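Offset between the sequence shown (1-based) and this note's numbering: plus 166.
Virtual Cβ for every residue (Gly too), placed ideally from N, Cα, C.
No experiment lies behind these values; they were computed from the predicted model shown.
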Amino acid sequence: MCVRAPRWVDILREALSGEKTPTYTLSTVLSTPSGVFPRSRSVVHRAVVTPSPSRPLLLTTTDIRTPKADQLHINANTAAIFWFPKPNSQIRVVGSTYLLPQPSHRWHASFARDMGDEAMDIDWDLERVKVFDSISGYLRATFVRPVPGSPMTSYDDAEKWPVTLPKHGEADGEEQKRLVEEALRNFALVVLDPTEVDFLELGPSPDRRTTWTKKGREWEEHIVVP
């Protein structure tokens, strides 16, 4: 057992450092009257933050209006999978995922409750704005498009949408300022709180596989058969 940062954090950080735009597959659960169905999509990894050494958190982002946001709000159970071609390795993460929307959003208050006091040493509202400013101007502009997944009459409709937006506080003129504020209102942090990690190394011969499971505030590490 370890009460310090689990070893997988450094393994993940090292693997991410070799990626220009690190992405992973994020899977959520869609519950409907006719059954429960998995939903997966690729997302861009934004950061690893550690409110305490034994609680590393993975950050990505979403538009709060998307079905993904509803799915995560209803059921926080999530799985993520990273694949790194160069070292020929895979990292699977299982845990709970929490959404941080703008402060006036109806889900905002539940974030602190779900995350617990331990994680609240971080100024999460400031972190949300920092991540918003760190993404490209093109991606910031996507948050003022119509609701993702809503019908379009023609592909030409997209010609009316803003192509790029500046960082928060750097808008030039009232209209651009309005658009940036609208984009930030729709922008949400997605915080993945891992409880299980599975690291598969296909580079060495023979293959290697290591798992970590969180027990309270400690992580148990085990070598297992690949």
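Check	Outcome
If you check the beta carbons only, do Leu305 and Ile257 fall under 8 Å apart?	no
I'd like the ranges of any beta strand (DSSP E) spanning at least 3 consecutive residues and lying wholly in the stretch 215-273.	223-229, 243-250, 255-266
Taking C-beta to C-beta, are Thr330 and Ala246 nearer than 8 Å?	no
Can you have a look at Leu292 and say buried or exposed, based on whether 16 or more other CB atoms are within 10 angstroms of its CB?	exposed
Please classify Ala235 as buried or exposed, where buried requires at least 16 neighbouring CB atoms within 10 angstroms.	buried
To the nearest angstrom, how far is it from the Cα of Lys296 to the Cα of Pro199?	39 Å
Would DSSP call Ile301 helix, strand or coil?	coil
Which partner residues of Val363 appear in the DSSP bridge assignment?	Val259, Trp378
With Val175 as the anchor, note down where its beta strand (DSSP E) starts and where it stops.	Not the beta strand (DSSP E): Val175 falls in the alpha helix (DSSP H), residues 173-183.
Could you tell me whether the Cβ atoms of Pro332 and Gly369 are closer together than 8 Å?	no
Considering Cα atoms alone, identify which of Phe309, Leu265, Trp249, Arg205 is closest to Ser193.	Arg205
Evaluate Arg294 with the Cβ neighbour count: other Cβ atoms within 10 Å of its Cβ, from every protein chain shown; 16 or more gives buried, anything less gives exposed.	buried
What residue range is occupied by the uninterrupted beta strand (DSSP E) comprising Val391?	Premise fails: Val391 is in no beta strand (DSSP E) and is neither H nor E.
For Thr187, tell me which candidate among Glu336, His334, Ser300, Ala307 has the shortest Cα-Cα distance.	Ser300
May I have the straight-line CA-CA distance separating Arg374 from Glu340, to the nearest angstrom?	57 Å
Pair every Cβ in the stretch 318-326 with every Cβ in the stretch 237-254, then say whether three or more of these pairs are closer than 8 Å.	no
Please report how far the alpha carbon of Val202 lies from the alpha carbon of Asp359, in whole angstroms.	22 Å
Secondary structure at Thr308, three-state DSSP: helix, strand or coil?	helix
Is DSSP giving Ser320 helix, strand or coil here?	coil
Hey, out of Thr227, Leu196, Pro251, Val259, whose CA is closest to Val175's CA?	Val259
Which word fits Arg344, buried or exposed, when buried means at least 16 other C-beta atoms lie within 10 angstroms of its C-beta?	exposed
Applying the 10 Å Cβ sphere with the 16-neighbour rule, what's the burial state of Thr319?	exposed
With distances taken between CB atoms, is the gap from Ala171 to Ser220 smaller than 8 Å?	yes
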